[in-house]
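Engineer:
Residue numbers (our numbering): 401 to 587.
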């Protein structure tokens, strides 16, 4: 019996995600390309920060460093790191025989399934308020991404939003962005 139990330990259980992207999905971007663009954006940001801190004052005054002294030099270090990273990535790109894929079309669709509603949530806070936007985001994710029944999703989102409202507005009296529904309720 002991030998029988030991042989079962060699069994490997594999669990797969039925909604995982297909392995044959076409690539959208390669890792080196994304690296170069991210480093270029970081370099541009560091140039902007260096320019701004140069005009703020990046030298020494009679009483010590001016307000832009340390941020200016940190920006220059960041710019140097960005340039170094771009040079390194370009060199790697030249010798790469099989560039690594950063994201495939199916993976990007899954990311956008979350990113799009999140951006809409941020803009919805400005017009609908935090609590209504939170309700819509929570219910929407549960229904469309989680594939949970509508009544469970709406009930959960309603409980969550009401709990947030009670905690922030009633208990702690924290000022949060409000929309027309809260105004209708007198808040």
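Note that the Cβ used here is the ideal one computed from N, Cα and C, for glycine as well.
All values reported here derive from a predicted model rather than from experimental measurement.
#1: Is any heavy atom of the ligand FMN found at a distance shorter than 7 Å from the C-beta of residue 560?
#2: According to DSSP, is residue 548 part of a helix, a strand, or is it coil?
#3: What does the alpha-carbon distance come out to for the pair residue 492 and residue 575?
#4: Along the chain, where does the beta strand (DSSP E) that runs through residue 502 open and close?
#5: Given that a residue counts as buried once 16 or more other Cβ atoms are within 10 Å of its Cβ, and exposed if not, what is residue 464?
#6: Quick check on DSSP: helix, strand or coil for residue 467?
#7: What would DSSP say about residue 563, mapped onto helix, strand or coil?
#8: For the beta strand (DSSP E) containing residue 574, list its first residue and its last residue.
#9: Can you tell me whether residue 549 is buried or exposed? The criterion is at least 16 other CB atoms within 10 Å of its CB, across all chains shown.
#10: Which of helix, strand or coil does DSSP assign to residue 422?
#11: Mind checking whether residue 490 and residue 443 have CB atoms under 8 Å apart?
#12: So, at 7 Å on beta carbons, what are the nonlocal neighbours of residue 504 in its own chain, with the 5 sequence-adjacent residues on each side left out?
#13: Determine the DSSP secondary structure at residue 367, reduced to helix, strand or coil.
#14: Can you tell me the Cβ-Cβ gap for residue 560 and residue 534, rounded? I've got them flagged as a contact below 8 Å.
#15: Buried or exposed, going by whether 16 or more other CB atoms sit within 10 Å of the CB of residue 513?
#16: Just list the residues that DSSP pairs residue 529 with in beta bridges.
#17: Which residues in the same chain as residue 578 place their Cβ atom closer than 8 Å to its Cβ, once the five residues preceding and following it in sequence are excluded?
#18: Grouping DSSP H, G and I as helix and E and B as strand, with all else coil, what is residue 429?
Structural biologist: On the basis of the data shown:
#1: You won't find the ligand FMN in this model; it holds no ligand whatsoever.
#2: coil
#3: 51 Å
#4: 501-504
#5: exposed
#6: coil
#7: helix
#8: Taken as a continuous stretch (DSSP letters only), residue 574 belongs to no beta strand (DSSP E), as it is neither H nor E.
#9: exposed
#10: coil
#11: no
#12: 421, 425, 426, 427 and 428
#13: Not covered by the structure: residue 367. The range shown for the chain is 401 to 587.
#14: 7 Å
#15: exposed
#16: 578
#17: 529, 530, 531 and 587
#18: strand
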